[in-house]
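So for the sequence shown, the working numbering puts the first residue at 45; every next one is plus one.
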Amino acid sequence: MDAKQVAQWMLDQLTKDDCIYQDDVVDYLVKGNAEPLLRENSDGNLVLGRAVLDAFKAVSELTVVWVKPERYWRWRVPEDEPGREARG
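Here you go:
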């Protein structure tokens, strides 16, 4: 499994569920023995590595936003401000 395949899986899950939580992607990668695509953040938690984030951004930059407080991605709506991050 490579970063582009993970990005496509994320997009598929987003299409199915309208949002995707970072923790669910981390679990998917751990269960798929793809830990090299993860990194440890400053709090010691596993999070998505740069390769996955870059691949996902490449396929969703204009259509998906990141909701930082809850750590999930969702489809962009007209009320969203420009940029990748949204408030909720």
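All residues carry an ideal CB built from backbone N, CA and C; glycine is no exception.
Bear in mind the structure is a predicted one, so any value in this text is a computation, not a measurement.
DSSP, read as helix, strand or coil, puts Ala47 in helix. Taking a C-beta distance under 9 Å as the contact criterion, Val70 and Leu58 do not qualify as a contact pair.
CA-to-CA, the gap between Ile64 and Glu125 works out to about 20 Å.
Taking every protein chain shown into account, the CB of Val50 has 16 or more other CB atoms within 10 angstroms, so this residue is buried.
Collapsing the DSSP output to three states places Arg118 in a strand.
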